[in-house]
Amino acid sequence: MVQFIPLSIVYSLRSADFRVKEFTMRFLSLLPVFALCFSACKKNCPEIPEPLPSMRYINLQDQAVGRGTPAFLDLDGDGHRDLGFSVILVGDPSLPGDKTQFYATGSFNTFFPINAAEESPRLEPGATIHATAFAGYDWFNAPAILLAQRVELVNGTLYWEGPWKHAAHRFLPFYILRDSKRYFGWIEISFNTATQQTILHRAAVSEAAEKGVKAGI
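Under this note's numbering, residue 1336 is the last one in the sequence shown; the count climbs by one each step, no gaps.
#1: How far does the beta strand (DSSP E) with Pro1292 in it reach, from first residue to last?
#2: Just to confirm my understanding: we take Val1152, look at its own chain, exclude 5 residues before and 5 after, and list those with CB closer than 8 Å. What are they?
#3: Skipping 5 residues on each side, what residues in its chain have a beta carbon closer than 6 Å to that of Asp1211?
#4: Quick check on the burial criterion: 16 or more other C-beta atoms within 10 angstroms. Buried or exposed for Ala1286?
#5: Using the rule of at least 16 other Cβ atoms within 10 Å of the residue's Cβ for burial, across every protein chain shown, is Pro1232 buried or exposed?
#6: Is it buried or exposed, Gln1180, if we count other Cβ atoms within 10 angstroms and call 16 or more buried?
#7: Looking only at DSSP bridge pairs, what is Lys1218 linked to?
#8: My output table needs one value for Gln1315: the three-state DSSP class, helix, strand or coil.
#9: Using the three-state DSSP reduction, which class does Tyr1256 fall into: helix, strand or coil?
#10: Between the C-alpha atoms of Tyr1294 and Gly1281, what's the straight-line distance to the nearest angstrom?
#11: Answer with buried or exposed for Ala1254, where buried requires no fewer than 16 other C-beta atoms within 10 angstroms of its C-beta.
Structure representation (structure tokens):
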């Protein structure tokens, strides 16, 4: 026995098929628009920054470093000194006069970025610290950089030199090499020419290897 499909059902199926085809054509026609929007977003939308690593923080309690009062710091808690701050008195007959020099130093496994003038960058809060962050600088281990020096001539003339002589809560970047991996960090420093002291506020070192950090954060 032959069964016939009611015309209403046939029309409904044809109508549904037409709507599907119409939707498909509209979708295909909009693909270039979607592609353009996606391309524009890739060019103009800001990249999501990588989360900062956990940090090991050390409160240095505004420790003052002057003549006869050096400071040596174990920042990663392994029982070994990583950073040192000290003052030395140098007689310079070429002036003639004396220089009181304020140094920051590092252990064999501690690295500073140092430029051709043998200076390290004095960073603002929030500055990025990672392997390639400092153009014109190379990373050196067992570093010794002159922060500032007081020059006193035999005729009584007195003046200060050095990139850190007016530093107020600025950051010295470094990394510690452990098991062939780099752990980046910073130390917050101020300088007081009136008292002739380097002031150490706080320091931090990343707990994750090979991760960039932010000065002061």
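Ideal Cβ placement from N, Cα and C applies to all residues, glycine included.
This is what the structure holds:
#1: Arg1289 to Arg1297
#2: At Val1152 the pLDDT is 49, less than 50, meaning the model places this residue with poor confidence; the figure from the coordinates comes in the next sentence. Excluding residues within five positions, none has a Cβ falling inside 8 Å.
#3: Excluding residues within five positions, the ones whose Cβ falls inside 6 Å are Lys1218.
#4: buried
#5: buried
#6: exposed
#7: Val1209 and Val1270
#8: Looking at Gln1315 - three-state DSSP - the assignment turns out to be coil, as it is neither helix nor strand.
#9: coil
#10: 23 Å
#11: Per the 10 Å Cβ criterion, exposed.
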